[in-house]
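Residue numbers (the numbering used here): 624 to 827.
C-beta atoms are modelled at their ideal positions from N, C-alpha and C, and glycine is treated no differently.
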Amino acid sequence: MSKVYITHETIGSDGEMLMYEDVQNVVKFYMGPSESVNDSDSTCEILTDFICTKALFPLYLTFEPFTGMEDDLERLFQGKNIEYSLRFEGLKNKRLPVFKLTIETPSSLSFVLQETFWIASSNNFYAFSFSDNIMYKSVIGKSWFGREKTWMWPHFDMNRASTVIEIWYDGDGFNLYTTESHFSTIQKLASYFPPETSIVNNED
624 MSKVYITHET IGSDGEMLMY EDVQNVVKFY MGPSESVNDS DSTCEILTDF ICTKALFPLY
684 LTFEPFTGME DDLERLFQGK NIEYSLRFEG LKNKRLPVFK LTIETPSSLS FVLQETFWIA
744 SSNNFYAFSF SDNIMYKSVI GKSWFGREKT WMWPHFDMNR ASTVIEIWYD GDGFNLYTTE
804 SHFSTIQKLA SYFPPETSIV NNED
């Protein structure tokens with residue numbers, strides 16, 4: 624990846640998907656390809672460079688596949704000896720499958736992205752964390768018809784040192800949320816890419 628765009632963003636902007644504890648200490652950045660739009664391959668390359676350059680392992684991937692994919696995904700992960708758990712989250716008869724993977728190596732990361740990133744590009748929930756800090760909680764909001772509705776929603780405990788990467792719409796880049804000082808500025812984030820990477824940002 625020759626160029627990566629990084630920008631500081633405000634927590635609570637339109638499209639915010641995740642819930643956090645102690646949100647006042649969370650810093651948010653967007654990172655993505657600087658010269659392409661809706662390019663999931665470039666996003667995967669950026670993710671791989673960011674995580675693997677300084678070996679930020681283990682990391683935890685939580686995602687929500689389409690219902691009915693569970694058996695095929697379990698066979699994939701078992702075949703590569705990737706540690707995972709499968710549970711079902713929801714209320715009453717509306718329950719959805721949730722996978723959580725523990726990724727230990729660059730080769731496992733590459734395999735998982737190759738086999739599952741299309742799920743993120745389909746706008747299903749797909750997020751990495753550098754700590755095992757996700758749970759699902761019920762939240763109340765409005766449905767499309769304006770009625771009050773309860774959902775089970777991913778929730779990250781950010782009271783401790785934590786960093787979460789959530790894939791953006793259509794797999795076009797990702798948001799990084801952090802309470803950790805070594806990820807707290809664009810300049811520090813840039814240091815996690817290979818030296819030849821060109822960083823484009825809105826602070827120049």
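Measuring alpha carbon to alpha carbon, tell me which residue in the options is nearest residue i.
| i | options | result |
| --- | --- | --- |
| phenylalanine 779 | Asp695, Asp755, Val762 and Glu771 | Asp755 |
| alanine 746 | Leu709, Gly794 and Leu679 | It is asparagine, not alanine, that sits at residue 746 in the sequence shown. Measuring from the Cα of asparagine 746, the nearest candidate turns out to be Gly794. |
| glycine 655 | Phe700, Phe740, Thr666 and Asn648 | Thr666 |
| methionine 781 | Ile674, Asp662 and Ser752 | Ser752 |
| asparagine 716 | Lys811, Glu687, Met775 and Gly769 | Met775 |
| valine 823 | Val649, Glu658 and Lys651 | Glu658 |
| alanine 784 | Phe748, Glu819, Thr801 and Leu699 | Thr801 |
| leucine 670 | Met758, Ile788 and Leu696 | Ile788 |
| glycine 796 | Pro688, Ala750 and Gly635 | Ala750 |
| lysine 772 | Leu714, Glu668, Ile757 and Ile790 | Leu714 |
| proline 688 | Thr728, Glu632 and Glu738 | Glu738 |
| isoleucine 757 | Arg770, Thr728, Ser708 and Val735 | Ser708 |
| isoleucine 790 | Gln647, Gly769, Leu736 and Leu696 | Leu736 |
| tyrosine 572 | Lys626, Ile742, Cys675 and Asn648 | The structure shown does not extend to residue 572, since the chain is modelled only from 624 to 827, so the question has no answer here. |
| threonine 820 | Asp695, Ser804, Glu668 and Thr633 | Glu668 |
| glycine 635 | Val649, Met692 and Gly769 | Val649 |
Mind checking residue i: buried by the 16 CB within 10 Å criterion, or exposed?
| i | result |
| --- | --- |
| aspartate 637 | In this prediction, aspartate 637 scores a pLDDT of 47, lower than 50, which makes its location untrustworthy; no coordinate-derived value is stated. |
| isoleucine 592 | Since the displayed the chain opens at 624 and closes at 827, residue 592 lies outside it and no answer follows. |
| serine 731 | buried |
| lysine 677 | exposed |
| lysine 651 | buried |
| phenylalanine 603 | Nothing about residue 603 can be reported from this structure: the residues present for the chain run from 624 to 827 only. |
| phenylalanine 673 | buried |
| threonine 786 | buried |
Rounded to the nearest angstrom, how far is the Cβ of residue i from that of residue j, given a contact under 8 Å?
| i | j | result |
| --- | --- | --- |
| serine 663 | serine 761 | Actually they are not in contact, since the Cβ atoms of serine 663 and serine 761 sit about 31 Å apart, beyond 8 Å. |
| tyrosine 628 | asparagine 798 | No, tyrosine 628 and asparagine 798 are not in contact; Cβ-Cβ is about 13 Å, not under 8 Å. |
| phenylalanine 711 | leucine 719 | 7 Å |
| proline 777 | phenylalanine 748 | 6 Å |
| phenylalanine 680 | threonine 630 | Contact flag wrong, Cβ pair sits at about 26 Å. |
Three CB pairs or more closer than 8 Å across the stretch 684-698 and the stretch 814-825: no
contact_flag[the stretch 802-811, the stretch 697-716] where n(CB pairs < 8 Å) is 3 or more: As far as the Cβ criterion goes, the stretch 802-811 does not touch the stretch 697-716, which means the pair count is below three.
Unbroken stretches of the alpha helix (DSSP H), 4 residues or longer, contained in the stretch 752-827: 809-813
Runs of alpha helix (DSSP H) wholly within the stretch 687-765 (minimum 4 residues, chain order): 693-702 and 729-744
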